[in-house]
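For what it's worth, our numbering labels the leading residue of the sequence shown as 348, then goes sequentially. All residues carry an ideal CB built from backbone N, CA and C; glycine is no exception.
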Amino acid sequence: MRSPAVHHPDPNPHALRHFAETRPGHFYPPYDRPSRELFHQFCQCVTRLISSSSWRHNL
348 MRSPAVHHPD PNPHALRHFA ETRPGHFYPP YDRPSRELFH QFCQCVTRLI SSSSWRHNL
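Following this line, the structure appears as structure tokens:
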């Protein structure tokens, strides 16, 4: 799945963009899709956060 930047597993629609701020050049036209590498790294980060108790308490 590489949909536009707002379609990802984090509840915050802007989380992927925020994650990518230090990783320029990872979005591609015409639909602003993230690179596979960026999306994979982001999903791993989200998975780690979901697994932690601190993320669950912030819902």
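Buried or exposed (CB count within 10 angstroms, at least 16 for buried), residue i
i      : result
Pro360 : exposed
Beta-carbon proximity of residue i to residue j, cut-off 9 Å
i      : j      : result
Leu396 : Pro381 : no
Which of helix, strand or coil DSSP assigns to residue i
i      : result
Arg395 : helix
Arg364 : helix
Arg370 : coil
Rounded straight-line distance, which links the Cα of residue j to that of residue i
i      : j      : result
His354 : Ala367 : 14 Å
His373 : Cys390 : 15 Å
Pro358 : Ser398 : 15 Å
Tyr378 : Glu384 : 17 Å
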